[in-house]
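Here is the structure we will look at.
Protein chains in written order, with the numbering used here: chain B, 1422 to 1718; chain H, 1422 to 1718.
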């Protein structure tokens, strides 16, 4: 059973409407007069971070990527629960956790702490799982599936900053890596946009890949105008910046002429569904051309 | 930084009243006209289950232990989110998940799926983390800290069944291990008792250890009458049964003469705080005598 089969078999279980078919950034659950927004994302050593990375940054990112999912649904964080696997750098981990929870005024509500072995002689690769709970600021809560032909695609800011940050870190310039190390969940922007966006998500895995997801969920094709995509990288890296993840900008659709409450960039057009979910400057990508370079949660 | 230091440093962060000082079975969060009950417990290969165990049972237990925490707070499950680490037996895992969610009418709302390596040559010991969300059926939601001197200690049923089940499995009698393999969260009992119990928790780590936790949280001493403890084991194993975990009975306090809405056993007396939080037949345990044999989440 591979990952796709596994996720398909989970989807068959997740029939409650609040689960949104496991196809959105978060679950959306009506409760009394409130609407809860719930998300769970994890980080695994060797996949989402490298051994030797400052664990304060790992803690920051773990919280930030979950809060970014809340941001994409226009939700206000109520708190987090998280499971910690003990190991090296735990003091730094707690320091980073304190920073990020304070920065976004989000309470730690509970969780679990487990050992990391060795178990049967095998040291565990460490993993950390976090659940963020939010309350919707407006209903209906934007999904990925509401984009309609004739609308436009927008983004809240540049892509490529995390890529440049990662490369700076690889080159030993740790201090220039903050866009990668400490991503910023756009909570206020998400709440401002949620009442007006027809579909919204955060860009975690790369602009092209995430646009294709939004397009598939909505049953449309989206044509991105490459030159209009704001990038935080040299022009020579435009194609890379559109494929790199970890920037956590908000990607959303709506009328071209809308008076958006925050500064946004129009980067594409929503079309009726064609052969492929995403076009760049009107052209389909070659079948073997990657939509994204990195998978990061 | 060892586990205790780590948890202490988390407690210093968890100042929101909903976190209950990270000292209860679950977080309790008021939201509009509702009260949410939130818990997160994980299972790690080699700690909470053994490689080779039927993964359907692992999935069952992961959900059941979390629902048991909701039961101890009198909450009705609204759903679960969980993070899965891919690996052997995933089809069985999904089958067990389907069984347990159906048995307790609990929707799967979301989660995350990650690989298990090898990363840098190290296979990850697999870990699974689950968050259960419930709604309180009564307020105030019972805590561990409400027991008062003069009250009695009660339990919903026998301890030792999981111990006997585990030993049957070790002896190759898999079918006799169901009490260990597939614990039952006492959701209906918890909701019936919650309005009347002064303090309540589930017995996950052993009767003596969990009683000591309830006593410490309440600032009392509790004297257990050993012979009154119902056990699902031979009389010769009474001391073991009182120290083994995994039975998930509900342990609670209240007036001796209360007319409890479900069948319960009175097993002890709440006293003013003495030198040790728990006595057995009026005697403190020897300092080196273990309160519990197994730690299991």
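Here a beta-carbon is modelled for each residue, glycine too, at the ideal position from N, C-alpha and C.
> Hey, residue 1580 of chain B and residue 1517 of chain B: beta-carbon distance below 9 Å or not?
Replying inline: no
> For chain H, is any of its Cβ atoms less than 9 Å away from the one on residue 1587 of chain B?
Replying inline: no
> DSSP state of residue 1432 of chain H, grouped into three classes?
Replying inline: helix
>> For residue 1670 of chain H and residue 1624 of chain H, which I take to be in contact (beta-carbon distance under 8 Å), what is that distance rounded to the nearest angstrom?
In response: 5 Å
>> Is there a Cβ of chain B sitting closer than 9 Å to that of residue 1608 of chain H, yes or no?
In response: no
> Looking at residue 1677 of chain B and residue 1588 of chain B, is the spacing between their C-beta atoms short of 9 Å?
Replying inline: no
>> Let's see if you can read the secondary structure: which residues bound the alpha helix (DSSP H) around residue 1572 of chain B?
In response: Premise fails: residue 1572 of chain B is in no alpha helix (DSSP H) and is neither H nor E.
> Taking 9 Å as the CB-CB cut-off, is residue 1422 of chain B touching chain H?
Replying inline: yes
>> Considering only the alpha carbon of each residue, which of H:1492, H:1505, H:1451 and H:1490 lies closest to residue 1476 of chain H?
In response: H:1505
>> Mapping the DSSP letters down to three states, classify residue 1718 of chain B as helix, strand or coil.
In response: Annotation note: pLDDT 35 at residue 1718 of chain B (below 50); position unreliable, no value reported.
> Can you find a CB in chain B that lies within less than 9 Å of the CB of residue 1450 of chain H?
Replying inline: yes
>> Going by beta-carbon coordinates alone, are residue 1608 of chain H and residue 1682 of chain H separated by less than 9 Å?
In response: no
>> Shorter than 8 Å, the distance from the beta carbon of residue 1499 of chain H to the closest heavy atom of the ligand COA, or not?
In response: The ligand COA is not among the ligands present in this structure, which contains no ligands whatsoever.
> Can you give the beta carbon distance from residue 1574 of chain B to residue 1450 of chain H, rounded, assuming they're within the 8 Å contact cut?
Replying inline: Rounded, the Cβ-Cβ distance is 36 Å, inconsistent with contact.
>> Please classify residue 1592 of chain B as buried or exposed, where buried requires at least 16 other C-beta atoms within 10 Å of its C-beta.
In response: exposed
> How big is the Cα-Cα spacing for residue 1515 of chain H and residue 1509 of chain H?
Replying inline: 12 Å
>> Quick check on the burial criterion: 16 or more other C-beta atoms within 10 angstroms. Buried or exposed for residue 1716 of chain H?
In response: Residue placement at residue 1716 of chain H is poorly supported in this model, since its pLDDT is 42, which falls under 50; the coordinates still yield a value, given next. By the 10 Å Cβ count, residue 1716 of chain H comes out exposed.
> How about residue 1525 of chain H: is its C-beta nearer than 9 Å to some C-beta of chain B?
Replying inline: no
>> Is there a C-beta anywhere in chain B that falls below 9 Å from the one on residue 1475 of chain H?
In response: no
> With a CB to CB cut of under 6 Å and the five nearest residues on each side skipped, what residues in its chain are close to residue 1502 of chain B?
Replying inline: 1530, 1531, 1532 and 1552
> What's the call for residue 1664 of chain H, buried or exposed, on a 16-neighbour Cβ count within 10 Å?
Replying inline: buried
> Would you call residue 1621 of chain H buried or exposed, if buried means 16 or more other Cβ atoms sit within 10 Å of its Cβ?
Replying inline: buried
> Counting contacts by CB-CB distance shorter than 9 Å, is residue 1687 of chain B in contact with chain H?
Replying inline: no
>> Measuring CB atoms only, is the segment 1481-1498 of chain H touching the segment 1434-1444 of chain H, in the sense that at least three cross pairs come out at less than 8 Å?
In response: no
> Three-state secondary structure (DSSP) at residue 1578 of chain B?
Replying inline: coil
> What are the residues of the segment 1603-1628 of chain H that lie near chain C, defined by any Cβ-Cβ distance shorter than 8 Å?
Replying inline: Looking at the structure shown, chain C is missing, and the protein chains on hand are B and H.
>> Give me the DSSP bridge partner(s) of residue 1720 of chain B.
In response: The requested residue 1720 of chain B is not part of the displayed model; chain B covers only 1422 to 1718.
> Since residue 1660 of chain H is in the alpha helix (DSSP H), which residue starts that stretch and which ends it?
Replying inline: 1659-1662
>> Pop quiz: residue 1494 of chain H and residue 1426 of chain H are said to be a contact at Cβ under 8 Å. What is the actual Cβ separation, rounded to whole angstroms?
In response: Not a contact, Cβ separation roughly 28 Å.
> Between which two residues does the alpha helix (DSSP H) harbouring residue 1610 of chain H extend?
Replying inline: 1608-1614
> Does DSSP put residue 1669 of chain B in a helix, in a strand, or in coil?
Replying inline: coil
> Tell me, which residues are paired with residue 1451 of chain B by DSSP?
Replying inline: B:1456
>> Judging by CA-CA distance, which residue of H:1534, H:1467, H:1453 and H:1525 is the nearest neighbour of residue 1424 of chain B?
In response: H:1534
> Do you know offhand how far residue 1453 of chain B's Cα is from residue 1613 of chain H's?
Replying inline: 22 Å
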